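Student:
There are 2 protein chains.
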Amino acid sequence: MSAIIKDIEIIKSKTTKINEVDFNDLKFGNTFSDHMLVCDFKDGKWQAPKVVPYQPITLDPSAKIFHYGQSVFEGMKAYKDVDENVFLFRPLENFKRLNISSKRLAIPELPESYFMEGLKTLLEVDKDWIPKNEGSSLYIRPFIFASGNGFHASPADEYKFIICTAPSGAYFSGKVKVLIEQTYSRSANGGVGFAKAGGNYAGQFYPTQLAVAKGYQQVIWTDDNTHEYIEEAGAMNIFVRINDTLITGPTSDRILDGITRKSIIEIAKAEGIPVEVRKITVSEVVEAAKNGSLKEMFGAGTAAVISPISGFGYNDTDYDLPELEDTFASFLKKTITDIQTNKSEDPYGWRVKLD
Amino acid sequence: MSAIIKDIEIIKSKTTKINEVDFNDLKFGNTFSDHMLVCDFKDGKWQAPKVVPYQPITLDPSAKIFHYGQSVFEGMKAYKDVDENVFLFRPLENFKRLNISSKRLAIPELPESYFMEGLKTLLEVDKDWIPKNEGSSLYIRPFIFASGNGFHASPADEYKFIICTAPSGAYFSGKVKVLIEQTYSRSANGGVGFAKAGGNYAGQFYPTQLAVAKGYQQVIWTDDNTHEYIEEAGAMNIFVRINDTLITGPTSDRILDGITRKSIIEIAKAEGIPVEVRKITVSEVVEAAKNGSLKEMFGAGTAAVISPISGFGYNDTDYDLPELEDTFASFLKKTITDIQTNKSEDPYGWRVKLD
Ligand SMILES: Cc1ncc(COP(=O)(O)O)c(C=O)c1O
Ligand SMILES: Cc1ncc(COP(=O)(O)O)c(C=O)c1O
Numbered sequence: 001m002s003a004i005i006k007d008i009e010i011i012k013s014k015t016t017k018i019n020e021v022d023f024n025d026l027k028f029g030n031t032f033s034d035h036m037l038v039c040d041f042k043d044g045k046w047q048a049p050k051v052v053p054y055q056p057i058t059l060d061p062s063a064k065i066f067h068y069g070q071s072v073f074e075g076m077k078a079y080k081d082v083d084e085n086v087f088l089f090r091p092l093e094n095f096k097r098l099n100i101s102s103k104r105l106a107i108p109e110l111p112e113s114y115f116m117e118g119l120k121t122l123l124e125v126d127k128d129w130i131p132k133n134e135g136s137s138l139y140i141r142p143f144i145f146a147s148g149n150g151f152h153a154s155p156a157d158e159y160k161f162i163i164c165t166a167p168s169g170a171y172f173s174g175k176v177k178v179l180i181e182q183t184y185s186r187s188a189n190g191g192v193g194f195a196k197a198g199g200n201y202a203g204q205f206y207p208t209q210l211a212v213a214k215g216y217q218q219v220i221w222t223d224d225n226t227h228e229y230i231e232e233a234g235a236m237n238i239f240v241r242i243n244d245t246l247i248t249g250p251t252s253d254r255i256l257d258g259i260t261r262k263s264i265i266e267i268a269k270a271e272g273i274p275v276e277v278r279k280i281t282v283s284e285v286v287e288a289a290k291n292g293s294l295k296e297m298f299g300a301g302t303a304a305v306i307s308p309i310s311g312f313g314y315n316d317t318d319y320d321l322p323e324l325e326d327t328f329a330s331f332l333k334k335t336i337t338d339i340q341t342n343k344s345e346d347p348y349g350w351r352v353k354l355d
Numbered sequence: 001m002s003a004i005i006k007d008i009e010i011i012k013s014k015t016t017k018i019n020e021v022d023f024n025d026l027k028f029g030n031t032f033s034d035h036m037l038v039c040d041f042k043d044g045k046w047q048a049p050k051v052v053p054y055q056p057i058t059l060d061p062s063a064k065i066f067h068y069g070q071s072v073f074e075g076m077k078a079y080k081d082v083d084e085n086v087f088l089f090r091p092l093e094n095f096k097r098l099n100i101s102s103k104r105l106a107i108p109e110l111p112e113s114y115f116m117e118g119l120k121t122l123l124e125v126d127k128d129w130i131p132k133n134e135g136s137s138l139y140i141r142p143f144i145f146a147s148g149n150g151f152h153a154s155p156a157d158e159y160k161f162i163i164c165t166a167p168s169g170a171y172f173s174g175k176v177k178v179l180i181e182q183t184y185s186r187s188a189n190g191g192v193g194f195a196k197a198g199g200n201y202a203g204q205f206y207p208t209q210l211a212v213a214k215g216y217q218q219v220i221w222t223d224d225n226t227h228e229y230i231e232e233a234g235a236m237n238i239f240v241r242i243n244d245t246l247i248t249g250p251t252s253d254r255i256l257d258g259i260t261r262k263s264i265i266e267i268a269k270a271e272g273i274p275v276e277v278r279k280i281t282v283s284e285v286v287e288a289a290k291n292g293s294l295k296e297m298f299g300a301g302t303a304a305v306i307s308p309i310s311g312f313g314y315n316d317t318d319y320d321l322p323e324l325e326d327t328f329a330s331f332l333k334k335t336i337t338d339i340q341t342n343k344s345e346d347p348y349g350w351r352v353k354l355d
């Protein structure tokens with residue numbers, strides 16, 4: 001994995017769509033910047049990445065992505081400070097996780113420089129697309145999929161690695177009420193739940209639709225065997241505050257090792273908040289909700305940042321969480337976004353400035 | 001689901017690739033016929049299907065298939081008898097299963113006539129592509145994928161339903177030695193294992209590569225919780241013969257309800273073979289292999305038909321199966337393929353003749 005690239009070829013778009021975009025009214029992930037990075041795996045190796053105009057992809061109908069879901073992705077953000085400096089947050093963690101995901105999905109691993117230099121070059125070219133408004137950022141979507149052909153159920157011989165970017169606002173709008181899932185599951189022991197594999201997400205859509213129809217925004221997944229342990233949400237890891245202790249489940253082969261999650265654990269510890277990383281049972285959360293010791297629940301992830309949970313449903317009963325003045329969620333959200341957007345010191349060395 | 005179509009628009013290819021194909025040396029699923037059926041879901045409904053020349057598909061980089069694995073598929077075959085009559089095998093079962101898969105993957109259900117009339121029209125147009133050689137057939141691949149755009153992890157608003165066909169020979173070449181899996185899993189309770197969802201297949205590639213590296217052709221999946229029960233293989237359900245009883249596991253939300261499997265169960269019963277549909281433990285299979293009562297194991301599926309298993313690996317030990325003269329596998333394979341190819345009566349009413 002030591003391929004080195006010096007210069008990445010750049011083919012610039014002749015036009016720009018940037019004037020059509022209202023940066024004060026950004027949704028999540030539905031407006032795309034002018035360029036993208038593309039890199040093909042063929043003849044047994046990753047070819048040189050290129051920055052090209054954002055453009056459609058053309059594939060044979062037998063391309064394996066259509067049939068066997070062989071794909072992985074990442075989610076990152078680029079932030080701009082008041083002086084227009086651009087920052088990434090722990091990008092190497094995303095790169096490493098992409099390769100962890102790829103390995104489990106039998107996708108060839110990507111050289112670090114293709115990812116890092118490719119991303120930096122792309123952001124350089126589309127710098128104007130990085131929002132500076134409070135609460136907005138450039139959502140970055142690196143992804144790899146099987147572009148090789150054939151109906152045999154086996155790994156493809158060709159892949160495409162692409163990075164697209166989308167100036168984005170908040171992932172959730174309004175309060176987030178969650179349903180603790182008792183029937184469906186997200187992942188199996190020994191399965192692909194720890195990977196950011198495409199198929200993990202499609203499998204959540206139907207149970208989530210059922211939850212939405214009942215008035216919830218999100219499903220909280222539990223283990224597939226007993227449904228007794230809280231695992232994670234659609235695209236967020238879950239934290240629970242009981243009295244003054246912050247608790248989150250351990251990662252496993254069923255749960256994504258979230259970068260926000262591990263950053264929050266570190267920040268909380270450094271700030272003197274007692275943190276426990278241990279299995280959380282549904283019954284203790286219900287018990288704590290009943291006796292008033294459940295102070296907060298929140299989700300943590302790159303897209304949703306930190307999303308406070310206003311209440312949860314379980315066994316056909318709804319439990320509301322208290323509306324506190326000073327929450328761990330708002331303190332931790334401010335701390336992490338201040339680091340991400342260069343509004344505070346970064347004692348952890350997480351911020352990466354682009355030059 | 002009662003949409004009715006009278007005539008399906010046909011746009012014929014100006015050229016044919018058929019002369020480039022050696023019908024005496026067909027591989028599996030890597031040669032594609034001249035036409036395909038396409039049908040788009042947009043504006044909230046499935047639009048009229050069309051037969052068009054086999055051609056590339058163009059999608060936005062943000063199309064949800066690339067990111068969230070929202071796709072389902074089917075696998076069927078068309079057979080030609082000596083008089084060039086064309087037959088399908090229980091095609092309605094594939095249609096129904098496609099919609100069962102779609103529902104779990106939050107994909108809009110397809111009207112029956114779009115599938116059945118679409119398929120028949122396509123086969124009519126590409127009739128010359130249906131092989132008549134013994135052991136060959138036209139493999140048919142209906143599939144649906146999310147073509148709608150956006151990075152929000154939620155169901156797409158547009159889909160494509162496509163049917164491609166590929167004249168094909170045998171799925172496996174040579175003996176099939178299998179590894180009973182003890183670490184990885186294919187599906188979760190409450191998950192999508194019963195659906196023919198793309199992501200189920202990609203998740204199997206890496207464990208299968210590990211098994212192949214150890215000298216096996218296939219993994220036999222076990223339950224994700226205890227790895228004590230035999231579930232199914234990559235694209236086949238599994239049958240075990242102990243003494244003179246044929247045993248196969250019950251279907252569940254983790255296991256695909258195979259059409260070959262249920263046909264084999266019916267044929268075996270009608271032919272007086274004792275059949276048990278019940279959970280099979282790995283330990284009873286190992287025990288039976290040791291004491292000689294394990295006579296046969298075979299996989300059953302549309303692509304692989306009936307594939308005898310020559311031996312299995314478990315706990316770092318290899319167990320060979322006996323080489324019998326008259327096997328259930330060969331009897332059942334002959335019985336089912338004779339029905340499929342119009343070489344025998346069809347007392348079950350499974351064969352559908354195209355006119
Ligand atoms: C399933 C799942 N869990 C958790 C997360 C949070 O991970 P991160 O904080 O690295 O974005 C994500 C999103 O990336 C996710 O998809
Ligand atoms: C996982 C799985 N199991 C079993 C089967 C066999 O099903 P069928 O006999 O309907 O082809 C298939 C293939 O279709 C499959 O993909």
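Protein chains in written order, with the working numbering: chain A, 1 to 355; chain B, 1 to 355.
We put the CB at the ideal spot given by N, CA and C, even for glycine.
Remember, predicted model here, so these are calculated numbers, not experimental data.
(1) By DSSP, does Ala146 of chain B sit in helix, in strand, or in coil?
(2) Between Asn315 of chain A and Gly292 of chain A, what straight-line distance do the alpha-carbon atoms span, to the nearest angstrom?
(3) Give the single residue among B:Lys42, B:Pro111 and B:Trp129 whose Cα lies nearest to the Cα of Thr31 of chain B.
(4) What does Met236 of chain A reach in chain B if we use C-beta pairs closer than 9 Å?
(5) Starting from Thr337 of chain B, follow the alpha helix (DSSP H) in both directions and report where the run begins and ends.
(6) Quick one: what does DSSP say Glu231 of chain A is sitting in, helix, strand or coil?
(7) If we cut at 8 Å on Cβ distances, does Lys103 of chain A have a partner in chain B?
(8) Quick check: is any heavy atom of ligand 1 less than 7 Å from the C-beta of Ala270 of chain A?
(9) Check whether the Cβ atoms of Ala188 of chain A and Ala202 of chain B lie closer than 8 Å to each other.
(10) Can you tell me the Cα-Cα spacing of Lys127 of chain A and Gln218 of chain B, whole angstroms?
(11) Please confirm if Cys39 of chain B has its CB atom under 8 Å from at least one CB of chain A.
(12) Between the alpha carbons of Asp326 of chain B and Glu134 of chain B, how many angstroms are there, rounded?
(13) By a C-beta neighbour count over all protein chains shown, 10 Å radius and 16 as the cutoff for buried, is Lys14 of chain B buried or exposed?
(14) Do you know whose CA, among A:Glu124, A:Leu88, A:Lys262 and A:Asp318, lies nearest Gly215 of chain A's CA?
(15) Just to confirm before moving on: does the CB-CB distance between Gly258 of chain A and Tyr229 of chain A stay below 8 Å?
(16) Check whether the Cβ atoms of Glu74 of chain B and Leu98 of chain B sit closer than 8 Å, and answer yes or no.
(17) Chain B partners of Thr58 of chain A, CB-CB under 9 Å?
(18) Nearest chain A C-beta to His35 of chain B closer than 8 Å, yes or no?
(19) Could you check which residue in B:Trp350, B:Pro53, B:Val38 and B:Leu138 has the C-alpha nearest to that of Gln47 of chain B?
(20) Since Lys177 of chain A and Phe28 of chain A are thought to touch, with beta carbons under 8 Å apart, how far apart are those beta carbons, to the nearest angstrom?
(21) So is Tyr206 of chain A in contact with chain B if we call contact Cβ pairs under 8 Å?
(22) What is the C-beta distance between Lys120 of chain A and Ile144 of chain A, in whole angstroms, given that I count them as a contact (C-beta under 8 Å)?
(23) Give me, in chain order, the residues of the same chain whose beta-carbon lies closer than 7 Å to that of Val52 of chain A; leave out the 5 immediate sequence neighbours on both sides.
(24) How big is the Cα-Cα spacing for Gly272 of chain A and Phe328 of chain A?
(25) From A:Cys164, A:Phe151, A:Pro167 and A:Ala146, pick the residue whose C-alpha is nearest to that of Glu158 of chain A; which is it?
(26) Spell out whether any CB of chain A is found under 8 Å from the CB atom of Thr335 of chain B.
(27) Can you tell me whether DSSP reads Pro91 of chain B as helix, strand or coil?
(28) Quick check: is the beta carbon of Thr281 of chain A nearer than 8 Å to any beta carbon in chain B?
(29) Going by beta-carbon coordinates alone, are Asn149 of chain A and Ser62 of chain A separated by less than 8 Å?
(30) Closest to Asp223 of chain A by C-alpha separation, out of A:Ala195, A:Arg141, A:His152 and A:Val282, would be which residue?
(31) Step through the CB atoms of chain B and report whether any lies within less than 8 Å of the CB of Tyr79 of chain A.
(32) Closest Cβ-Cβ distance between Asn30 of chain B and chain A: below 8 Å?
(33) Along the chain, where does the beta strand (DSSP E) that runs through Met236 of chain A open and close?
(34) The beta strand (DSSP E) with Glu296 of chain A in it runs from where to where?
(35) Can you find the residues in the same chain that come closer than 6 Å, C-beta to C-beta, to Gln340 of chain A, ignoring five residues on each side of it along the sequence?
Tutor: The relevant details are as follows:
(1) strand
(2) 19 Å
(3) B:Trp129
(4) Those do not exist, as Met236 of chain A stays about 10 Å from chain B at its closest Cβ, beyond 9 Å.
(5) Phe328 to Gln340
(6) strand
(7) yes
(8) no
(9) no
(10) 49 Å
(11) no
(12) 21 Å
(13) exposed
(14) A:Asp318
(15) no
(16) yes
(17) Pro56, Ile57, Thr58 and Leu59
(18) no
(19) B:Val38
(20) Lys177 of chain A to Phe28 of chain A, Cβ: 19 Å. No contact.
(21) yes
(22) Not really, about 18 Å apart at Cβ, beyond 8 Å.
(23) Ile11, His35, Met36 and Val38
(24) 11 Å
(25) A:Ala146
(26) no
(27) helix
(28) no
(29) yes
(30) A:Val282
(31) no
(32) yes
(33) Element bounds for Met236 of chain A: n/a, residue is neither H nor E.
(34) Leu294 to Gly301
(35) Tyr79 and Phe89
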